[in-house]
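Worksheet: the structure to be examined is printed underneath.
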Amino acid sequence: MNHAKGPLLTVDVSEREARETDIDDVLASFIGGRGVATKLAHDRIPFDADPFGPDNRLYLSTGPLQMSDMSFTGRMNCTGLSPLTDGLLSANAGGFLSRNFADAGYSVLEVTGQADELLVVHVTDDGVEFEEAPDLEGATVPEVTEHVADRGLGAENVACIGPAGENLVRFASVMTFESRAFGRGGLGAVLGSKNVKAITFEGDSRPDVGLPEDVQMEVHREAATSDDMMRRQGTTAGTEFINDNFSLPTRYFEKYSFEHAADIGGDAVEEKKYKKGSCSMCAFACKLPTRDEETGFETEGPEFETVFSFGSNLEIGNIVDVMKSNELCDVYGMDTISCGNAVAAYLKSEDEFGNAELVHETVEKIARREGIGDVLAEGVSRASGELGVRNYTVKDMEFAAHDGRVLHGQGLSYAVANRGGDHMYSTTLRVEYSGEIDPDGLDGKPELVMKRENHAAFRDSGIVCAFGGGSGHVTEETHEKLFDCDYEELQAVGARVVELERHFNNKRGMDRDDDSLPYDLSGIEEALDEYYELRGWNPDGTVPDGTVGEYARAD
Numbered sequence: 001m002n003h004a005k006g007p008l009l010t011v012d013v014s015e016r017e018a019r020e021t022d023i024d025d026v027l028a029s030f031i032g033g034r035g036v037a038t039k040l041a042h043d044r045i046p047f048d049a050d051p052f053g054p055d056n057r058l059y060l061s062t063g064p065l066q067m068s069d070m071s072f073t074g075r076m077n078c079t080g081l082s083p084l085t086d087g088l089l090s091a092n093a094g095g096f097l098s099r100n101f102a103d104a105g106y107s108v109l110e111v112t113g114q115a116d117e118l119l120v121v122h123v124t125d126d127g128v129e130f131e132e133a134p135d136l137e138g139a140t141v142p143e144v145t146e147h148v149a150d151r152g153l154g155a156e157n158v159a160c161i162g163p164a165g166e167n168l169v170r171f172a173s174v175m176t177f178e179s180r181a182f183g184r185g186g187l188g189a190v191l192g193s194k195n196v197k198a199i200t201f202e203g204d205s206r207p208d209v210g211l212p213e214d215v216q217m218e219v220h221r222e223a224a225t226s227d228d229m230m231r232r233q234g235t236t237a238g239t240e241f242i243n244d245n246f247s248l249p250t251r252y253f254e255k256y257s258f259e260h261a262a263d264i265g266g267d268a269v270e271e272k273k274y275k276k277g278s279c280s281m282c283a284f285a286c287k288l289p290t291r292d293e294e295t296g297f298e299t300e301g302p303e304f305e306t307v308f309s310f311g312s313n314l315e316i317g318n319i320v321d322v323m324k325s326n327e328l329c330d331v332y333g334m335d336t337i338s339c340g341n342a343v344a345a346y347l348k349s350e351d352e353f354g355n356a357e358l359v360h361e362t363v364e365k366i367a368r369r370e371g372i373g374d375v376l377a378e379g380v381s382r383a384s385g386e387l388g389v390r391n392y393t394v395k396d397m398e399f400a401a402h403d404g405r406v407l408h409g410q411g412l413s414y415a416v417a418n419r420g421g422d423h424m425y426s427t428t429l430r431v432e433y434s435g436e437i438d439p440d441g442l443d444g445k446p447e448l449v450m451k452r453e454n455h456a457a458f459r460d461s462g463i464v465c466a467f468g469g470g471s472g473h474v475t476e477e478t479h480e481k482l483f484d485c486d487y488e489e490l491q492a493v494g495a496r497v498v499e500l501e502r503h504f505n506n507k508r509g510m511d512r513d514d515d516s517l518p519y520d521l522s523g524i525e526e527a528l529d530e531y532y533e534l535r536g537w538n539p540d541g542t543v544p545d546g547t548v549g550e551y552a553r554a555d
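Residue numbering for the sequence shown follows the working numbering, starting at 1 and increasing by one per position.
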């Protein structure tokens, strides 16, 4: 099986020391990316660690495809113990960092400890430098990019946090290329807790993994010639279709459709798009650099999830207002989905839906933990009691736009996902939206959710952009050729990753009680029973002792 190559680089910011470790055996079993980082995190982070403590570890990792020139591979993985969900969690980001990371010659970076002052860590193929950076306290993401420019580095070389990460906002993001986010789960706050403002990567030591050239070229050619609507409108292309035929959550999940969906949907976004945008090596170019010509305001996006979180769910029907919320989250370093939902909960408590000025003020307060922002920075689950609103989360993670009350398979996916209310953990929504399966009911869906979770886990280990598969350019056969193995072997890798995440979370006290939804879904208990049985887990949602086998740590 083709897999990532290169040692693990451990950076202890407490001692300001770095060391390399050969992890070829782990890479061979888990491919790279999310798989390898999950295995390392499972074995190295204490089960009782504090997410904000020195014993938590943050992992950045690539897969074998980041050593290629293929479209849909400009991505990286980030893994750690989440301060939002209190469980093991991985996030994924695009942009241009992955090739620079690979050029440094490592397969995984591990950050541990807690620095006594704010640092920028510079990683190269010649070693690691620790730069004291007190002047960056409170700096925004663009200001960090400006700082590293003095070293001849660009936005494509840096992973950093904004004020939200420093202030331990539980949904703070790790940012790269200024607008690309390792968004979900608050891993930016983990970096902030370690007093690390940024990490840069450069070098000329990218490993050769021997991927088939003909497959790479075929995917690249198809990406370049595709007429997929997503190339023009990104994920917002489906906004009106979803609003009209399924559900676009509105007014903090009170309503199922938004009367101004067209004003913030794909056509509205495309009208503001002023040039093409892409990730590293990708000819699909689905990114959305947007500009409001009247004011000159620019951002990248919004994508569909942000159109929901800062649009319909707040009853904001002006695309420029959504663009401004999107930009604020990028500048301060926050997940737009969780932040938008937290603001929606606040607007509901104040009966202020539609107040765009209040929205933007509140986003800034959250990033700085000022006033009501200090409450909302804890996330919806922790803030809902004080606000007097319903807790629309799973495992303390705020919901994405795809409504499990309508897409019942996606509802089951939210319930069982180790990451909580995140749509990318299985993307069951895709086959329900497409009509491939009936979105109503849960018959046959536990097995579907399981298989799609496994697929997502090895895809995130590769690492392949989800849009590659979603657009039909990276198929099961493509995966087999790229990784030089049967698809069933890849499914098995994915299953091990999911099981290690579940086992870690079990050790932190999570079980079936946490696989629950904030709304009724007929047949959910029977579906949970079936899902656990298919996984080989206990009826209480825990992994049986001993079954994690050679992939679990000794204790």
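Virtual Cβ for every residue (Gly too), placed ideally from N, Cα, C.
When secondary structure is reduced to three states using DSSP, Ile316 falls in the coil class, being assigned neither helix nor strand. Taking a 10 Å sphere around the C-beta of Glu293, we find fewer than 16 other C-beta atoms and assign the residue as exposed. The beta-carbon distance between Arg452 and Thr427, rounded to whole angstroms, is 6 Å. This is short enough to meet the 8 Å contact definition.
If you look at Asp438, you'll find it isn't in any beta strand (DSSP E); DSSP assigns it neither H nor E.
Shown here for Arg19: same chain residues with a beta carbon closer than 7 Å to its own, the five before and five after excluded, namely Thr10 in chain order. The beta-carbon distance between Arg151 and Ala457, rounded to whole angstroms, is 36 Å. This is too long to meet the 8 Å contact definition.
Between Arg251 and Phe353, the CB-CB gap stays under 8 Å. If you draw a 10 Å sphere on the C-beta of Ala41, you find 16 or more other C-beta atoms in it, and that means buried. Under the DSSP definition of a beta bridge, Gly277 partners with Lys287. A Cβ-Cβ separation of about 29 Å leaves Lys255 out of contact with Phe297 under the 8 Å criterion.
Under DSSP, Ala172 forms a beta bridge with Met334. Three or more pairs of CB atoms, one per stretch, sit closer than 8 Å, so the segment 327-343 contacts the segment 298-311. The beta-carbon separation of Lys287 and Gly234, rounded to 7 Å, stays under the 8 Å limit for a contact. Spanning the alpha carbons of His503 and Phe253 requires a straight line of approximately 32 Å. Pairing Gly421 with Glu398 gives a Cβ-Cβ distance under 8 Å. Counting only the Cα atoms, Leu517 lies some 21 Å from Arg170. By the Cβ criterion, the segment 192-204 is in contact with the segment 161-177, since at least three pairs of Cβ atoms, one from each stretch, lie closer than 8 Å. In the structure shown, Asp460 adopts helical secondary structure according to DSSP, grouped into three states. Secondary structure at Asn355: coil, using DSSP grouped into helix, strand and coil. For Asn505, the uninterrupted alpha helix (DSSP H) segment begins and ends at Tyr487 to Lys507. One Cα belongs to Leu136, the other to Gly340, and the distance between them is close to 26 Å. Residue pairing by DSSP places Thr145 in no beta bridge whatsoever. Secondary structure at Ile31: coil, using DSSP grouped into helix, strand and coil.
Secondary structure note for Ile372: its alpha helix (DSSP H) is the uninterrupted segment Ile372 to Leu376.
Residue burial is scored here from C-beta neighbours: Pro544 has fewer than 16 other C-beta atoms within 10 angstroms and is therefore classed as exposed. Between the segment 486-501 and the segment 24-33 there are three or more C-beta pairs closer than 8 Å, enough to call the two in contact.
A contact between stretches requires three or more CB pairs, one per stretch, nearer than 8 Å, and the segment 462-472 fails this requirement with the segment 434-450. Under the three-pair Cβ rule at 8 Å, the segment 48-59 does not count as touching the segment 360-370. The Cβ atoms of Leu168 and Ala189 lie closer than 8 Å to each other.
Cβ contact annotation for Ala149 (same chain, cutoff 6 Å, sequence separation greater than five): none. Cα atoms of Ser193 and Glu222: separation of roughly 43 Å, rounded to the nearest angstrom. Across the set Glu488, Ala102 and Ala417, the C-alpha of Ala417 shows the shortest separation from the C-alpha of Thr85. With distances taken between CA atoms, Ala37 lies nearest to Leu109 out of Phe72, Leu109 and Arg75. The C-beta distance from Arg535 to Met450 rounds to 6 Å, short enough to meet the 8 Å contact threshold. Annotation: Leu211 is outside any beta strand (DSSP E) and is labelled neither H nor E by DSSP. The way I'd put it, the segment 259-272 doesn't touch the segment 506-524; fewer than three beta-carbon pairs between them come closer than 8 Å.
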